Structures are given as C-alpha cells and as structure tokens.
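Chains as they are written, first to last, in my numbering: chain X, 229 to 626; chain G, 229 to 626.
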C-alpha cells in the first residue's frame, strides 16, 4: 500500500477581497445554500429546483428561450459547448478577436473543424460594425458570428445590436460571450437579437465557479438539431442535455447538485434586487472607482464609452512594478486584483467590482490600497484625493 | 424588460437518505469545507490546495502517477476526458460492455473517430479474460482496452489484473472506469497495471458531484503527447489542463474553487480513516445488508463473487411494483434507492451504501423500510428477520 507522507491540516485559507477578473466574492447566502444537504439528481424536488433555476436564468439573460440551462462546467465549458454544438467540420465562422477570450473562441472553432475568418481587433477597443460587414462580404456564407460582449482580458464592453443586424442580414447566427457582463451590465438576449450566449457563475452572479449558463433561441436550436455529425464531446452535447433539463428528464449525467443550489440562490438574490437596480449599482461603483483612480493619475485602458462596469482596466504608470504592487495589495490588504494577459502583461491591471463585491466599501478599500501600494514605490499618490473624487460621484457632485 | 412571474422561496429541500446509485450522502464536514469563502484560482494558497488534492488523489488511486488531477466536471466528464484525450480518428479501441457505462464509453469512442470492437458482455456479469483475449486476436493493433471496474448499472465489480495482462501483451493501454469503486473498494492503479482511470466525487468519496478525478501513467501520458490532432474539446484537453495542475500553473480555466475545497476535505477524511479500514467497512455493511435482503427473499442480481460493496443490486420479486416500492421508500422513509436502467428497468433495484453512508444505521433503516414497502404490496417480508440476519454478520455469527 502506498501511504501518505504528511498530515493534511484543516482547510483554513486566508481571507481575501476578490477584486480581480474573477472569481469574485460570493454572497454568504450563496455559500449557505450551497452547503445544503443533497437531493438526488432525479428527485422530483431537485427537478423543480432545476426548473426554477432555468426560469431565473431566463430573467437574467432577458430571454424567453426555452433552451436556457446551466452546463455542468465553468464558464469556458459554456464557450466550448456553444461553439462545438453549433459548428461542424467545414462550417465557416467569423470571430472577432480583441483579447484572450476571442482568441480562445478561434481555438475552439478550429478544433471543431470550422474554417474561421478572424476579425483582428485591437486589445482595449471594440470591434466596429464596418469590420464585421467587411468580413461577411468576404465570407457571406458564414454560419455564425462570434463576439465577446465583455472581454475579461481588456475590460471592454462590446455593443451588439449593430453586429446582430449585420449577421442576420447574411443569415448568420450571433453568438455572444457574456461571462463578465451577465448580472453586472445589461444583457438583453432577445431585444438585441443574440441567437446563442454563454456565461459563467463566478463573475457578476457572485456564485462560485462551476456552472456555465447558456441560452439558445429556436434558430440556434434548429441548427443544433440539423447537425450531420454528433457533437464531438459527449459531456457537452446539448441535444442530450436539453432532454435532462427539459420535460423529458432523460438521464444524461449527475448534475452538480450543490452548484445548482448555489446558482439558484445567487439568481434569487439578483431577482430580489432587480436587474436594473443591479446594473445601476455596478455602473455607479465603477464610475466612482475610476474617478478615484484618475485623481491619482491612473488612466483607464479600455476605450472610452465602452468600459465594463464590472471590470475596470487601468494602465500601469511608467516605472511601476506590476507584480510588486499586486503582492503589496495581497499582503497588506488581502486584496486580489488581476494583471494583464498576453500582449498587455505588465502593462495593465484589472480590477473587478462584480456582483456582491460592487459596493462603496470595496471602492474605498481598493482606492486606499492602490494609493498606498503606489506610494510604496515612490509614486505620488494620495488616497485622500482618490476618495474625494469617488465621494463626488457618490454624492452626485461630479 | 422581461419580469418574473412568481416568488422564489428560500431553498429548503426535504431531507433525504441517499441510498441510490449516487449522489450519495455527503459528510457534513465536506459541506462545511465547501462553504468556505473563496480564494482566487491562481492564489498561491489555492495552488497549494490543488497540490494537496493531487497528493490525496494519488493515495486514493494508489498510484504515483504525476498526471493525477480532478477535472472540472462530473464523473462523465472524466470518461469523456480520458477517451477523447487518448483516442484519435482511426484508432482502434476494444471496449467491454456489460451495462450502461460500457455503452457510454462506446458512444464517446465513436464520437472521437475510433473504430470500436465491442466485447458484448452480459448485464450483471463480469467480462472474462478469454473474451478480451479473443477481441485482441481479432484487433491486435488496438490502442486501448476500456472496461468498467464498477458498473453502476449492474452492481458488478470487474477484476482487472488478468485484463491488464492481456492488454499489455498486445501493447494496448488499459483504461478503467472506477466511478463507483474509488474510495469504497480496492482500486490499485499501479499494482494492477491500470494505465488510465477516471472517477467521480459523488459516490464513495462522499463529496457532491462536480469533479472527476483522473489519473494517467507515463505510458498513457506519452500517447497524449504524441497526438497528431488536437483534443476536440478545448475544455477537456489534458495537455493544457496538466499545465495548470502541474508546476507551470498555466491558466486554462477558472477551477471550481468550492468543489476543490470539498474534494480535499472528502479525501482528507478518507486519509484519516485509512483506505483499508474504509474498504473493510464497505465490505461489512454490504454483506450485512445483503444477508438481510436474502432473509426476506430478495435475491442479488450481480454475479456471485463479483459484487460491489458500494452498490448492491437486487432482483425485484415477481408481482412487485418497482415504482410503487421506491415511492413508498421516499415518502415514508425519505430513502432514495435506484431503479434499473435499460434492459433491467423494472427488474432490479440498486441500493448504494457509499462512503459516509455505508454504516449500520443505514443498513438497518434500509432493511426495515424495504420490508415495510414489500409488505405494503402484500409480499411476505419480516423486517425482524432481515435485521436478525444482518446482526449475525455484524456480530460474526454468520
């Protein structure tokens, strides 16, 4: 028998204020719901909980799509699900790439045998409808256009209605990544003409990572049912999974019961607050935080007018050590923020004010801590000035 | 704005004694650990928790395989992962089918473009080495042999050493499903010569569903790294995921933090009890339960000598209404047991005594409840006789 070489202590992680690109802080109510003793995955009571979770997801997605459910994996499983279910070998896809998650979409589409036309955008900027139009002129038979609504690597919020119009004019589906926007900024699936979308639980829904909400309208669903080949991944095959979440209750896999409990509670909290109030809260706190940052000379990275309220990206000032600042924040203030990925590594910070964590307490804490961290590196930064600027936003004196 | 049509009440599921094929009852310590506030998925403390989870998984799998980790999905994601990572289009695979999970393996292998030679076994029986030998004679160039160690649909425990010998003689890998055996019956990956295996958390590990432990030895890992094509599913691509769980800490997806907390605690509890004591406990309670069942005339379904200690399958007596009995158990005793799947639907029951739930309290409760349920249908069944038979096992008077 192989034996263990050490003792494993009781789980006792340090306290953290999760102000990075996700996971975000989880509402204690969600943690409590998650720790409820389990029902079986085919128990009539659990099936009703799945129904309710579906209803609440439709509300948060602002959709009446029947095929709206939570995949049993993290946000990236949602991306994989939507693209691998809608694309088949030989299909053509147009994908806008303005950051890491656009790149990931391309990788997944290629794995599924699609021919991909990439619209190469700029990191930190949106993709313009003209660029999409040009791509469709080149590949008019494209089956879908995929774009990231909230690019977690850049903090950009992509407008979608114009892109939907272009895609639909060419008979293509619009597929959208709203991992970092759902529950923190307007996501109006039906009104905007989004045909399929996916998200994650660990951003603005303030639920632990582990599920990927997805929604497909009847047009997207029809594409699914017209497939000539089976979806390569059995685990992510929506044609089977919709039969488990739907009336038929066909056994596919054992749903992650506790995660569904958590998601239902997180969605219930959103319903209590109301989506519009929640969006306004995110917008206010993001504005206050950014005003405070600008007061100490930190410039936003994302294009003006297209900034995510849930994830604020900042340019790291000349001469400041990225890693030293983030280590200072973690050590002295228990705050986690994100660094830049890929081409903007060492150049930007990503500060999440998501869901439960989007509040004045965290704005105050983050501004104070950032100012202190910068001062520790000899940078002129006054926490007082930052807080005063934020206060003006909160009191309507901008 | 779309609005909600009803109020969503606080989560308050009924109490359940989960004695079905899984999910099983979860140790309260695991639920508590799961509800711990979150660390970020790249936090140094979380990475250490992943390391420890990997070490504990190696102990439970009885392996020194470096590539041992928990996939971010339920047990079926583990099956999908192992087969889709090891098989490429045109590969040949031999798969033994004696139940639902063998059938599922065939489906997944076919989706990955493999040519599958099925060894059609009998539901409720093991597959014999001679049948495997015959399959290899027919397909000597098979890349792998896949078998289910613990067939959850039949309650059969498949011996593996002889099959490993045959597979290795033909230069093939042995791939094993130990979803319902890991932590409840001996699983000796290294000693038995298993090259790759997967499991789930929601059976004998007594952790909620949501993660799929997998392990691959260097031979299987080499196959992975010699692939000519990318793994079709980005989400399940082990070549990337091993870089997140390994030293490199390459970001792939956001790990389901809370589920990892839960799994670490569940594994820690196993380490405290010790694997051998845990196996003995499962074996004792299964024996006592089956003795009680036989005392009231219920016959085991699985082949003698090859019965799972974690999942006992029983033939439903002539004239007894399957669904009525299970509804009685749920209504009167809050007990969930499983019915038969596919060809044995309505013919067998599946009673799980897994992990935390494998104890004398549950054996007593299940025997009493089963006897009462049968009596309610006019079947001669004495709870007293059943309990007496079980007692003889517990007191060593068999």
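In this text, a Cβ means the ideal position worked out from N, Cα and C, and glycines have one as well. Remember, predicted model here, so these are calculated numbers, not experimental data.
Checklist entry - So, is the C-beta of residue 335 (chain X) closer than 8 angstroms to a C-beta in chain G? => result yes
Item to check | Own chain partners of residue 409 (chain G) with C-beta closer than 6 angstroms, once the 5 adjacent residues on each side are dropped | outcome: 377, 378, 415
Checklist entry - Any beta-carbon of chain G closer than 8 angstroms to the one on residue 458 (chain X)? => result yes
Checklist entry - Closer than 8 angstroms, CB to CB, is residue 499 (chain X) near chain G or not? => result yes
Checklist entry - Buried or exposed: residue 308 (chain X), going by 16 or more other Cβ atoms within 10 Å of its Cβ? => result buried
Item to check | Residue of X:429, X:442, X:393 minimising C-alpha distance to residue 419 (chain X) | outcome: X:393
Checklist entry - From residue 458 (chain G) to residue 331 (chain X), what does the alpha carbon distance come to, in whole angstroms? => result 16 angstroms
Item to check | Same chain only: Cβ atoms within 7 angstroms of residue 607 (chain X), ignoring 5 sequence neighbours per side | outcome: 545, 548
Checklist entry - Going along chain X in order, which residues have a C-beta closer than 7 angstroms to the C-beta of residue 308 (chain G)? => result 461, 462, 463
Next on the checklist: Please list the terminal residues of the continuous beta strand (DSSP E) segment that includes residue 281 (chain X).
Outcome noted: Careful: residue 281 (chain X) lies outside any beta strand (DSSP E), inside the alpha helix (DSSP H) at 272-289.
Checklist entry - How long is the line joining the alpha carbons of residue 535 (chain X) and residue 384 (chain X), rounded to whole angstroms? => result 5 angstroms
Next on the checklist: Please list the terminal residues of the continuous alpha helix (DSSP H) segment that includes residue 580 (chain G).
Outcome noted: Segment 576-580 is the beta strand (DSSP E) holding residue 580 (chain G); no alpha helix (DSSP H) there.
Next on the checklist: Would you say residue 377 (chain X) lies against chain G (beta-carbon separation less than 8 angstroms)?
Outcome noted: no
Next on the checklist: Counting only beta-carbon separations shorter than 8 angstroms, does residue 430 (chain G) have a partner in chain X?
Outcome noted: yes
Next on the checklist: Give me the residue from X:248, X:595, X:432 with the minimum Cα distance to residue 520 (chain X).
Outcome noted: X:595
Checklist entry - Would DSSP call residue 623 (chain X) helix, strand or coil? => result coil
Checklist entry - Given residue 463 (chain X), which residues of its chain have a CB within under 6 angstroms of its CB, disregarding the five upstream and five downstream residues? => result none
Item to check | Residue-level contact to chain G via CB, residue 453 (chain X), 8 angstroms cutoff | outcome: no
Item to check | Minimum C-alpha distance to residue 600 (chain X) - residue among X:238, X:553, X:568 | outcome: X:553
Next on the checklist: Give me, in chain order, the residues of the same chain whose beta-carbon lies closer than 6 angstroms to that of residue 266 (chain X); leave out the 5 immediate sequence neighbours on both sides.
Outcome noted: 485
Item to check | Of the listed residues G:434, G:613, G:539, nearest to residue 259 (chain G) (C-alpha basis) | outcome: G:434
Checklist entry - Is there at least one Cβ from chain X nearer than 8 angstroms to residue 564 (chain G)'s Cβ? => result yes
Item to check | C-alpha gap between residue 230 (chain X) and residue 618 (chain G), whole angstroms | outcome: 33 angstroms
Next on the checklist: Ignoring anything shorter than 4 residues, give me the alpha helix (DSSP H) runs that lie fully in the stretch 542-577 of chain G, in order along the chain.
Outcome noted: 550-561
Next on the checklist: Just to confirm before moving on: does the CB-CB distance between residue 447 (chain X) and residue 400 (chain X) stay below 8 angstroms?
Outcome noted: no
Next on the checklist: Run through the DSSP bridge pairs and tell me what residue 344 (chain X) is partnered with.
Outcome noted: X:321
Checklist entry - Grouping DSSP H, G and I as helix and E and B as strand, with all else coil, what is residue 410 (chain X)? => result strand
Item to check | chain X residues whose Cβ lies nearer than 9 angstroms to that of residue 259 (chain G) | outcome: 262, 263, 264, 265, 266, 486
Next on the checklist: I want to verify the contact list: residues of chain G whose CB lies under 7 angstroms from the CB of residue 575 (chain X), in sequence order.
Outcome noted: Chain G residues near residue 575 (chain X): none, gap ~17 angstroms exceeds 7 angstroms.
Item to check | Interface positions of the stretch 269-294 of chain X facing chain G (Cβ-Cβ less than 8 angstroms), listed along the chain | outcome: 269, 271, 273, 274, 277, 280, 283, 284, 286, 287, 290, 291, 292
Checklist entry - Name the chain G residues that come within less than 8 angstroms of residue 229 (chain X), Cβ to Cβ? => result 290, 503, 504
Checklist entry - From residue 387 (chain X) to residue 306 (chain G), what distance separates their C-alpha atoms? => result 38 angstroms
Item to check | For residue 424 (chain G), the first and last residue of its enclosing alpha helix (DSSP H) | outcome: Residue 424 (chain G) -> not in any alpha helix (DSSP H); beta strand (DSSP E) instead, spanning 424-426.
Item to check | Per-residue burial, residue 551 (chain G) [other beta carbons within 10 Å of its own, 16 or more giving buried] | outcome: exposed
Checklist entry - Which whole-angstrom value describes the C-beta separation of residue 438 (chain G) and residue 262 (chain X), a residue pair presumed to lie in contact below a C-beta threshold of 8 angstroms? => result Rounded, the Cβ-Cβ distance is 10 angstroms, inconsistent with contact.
Item to check | Beta-bridge pairing of residue 440 (chain G) - partner residues as DSSP gives them | outcome: G:299
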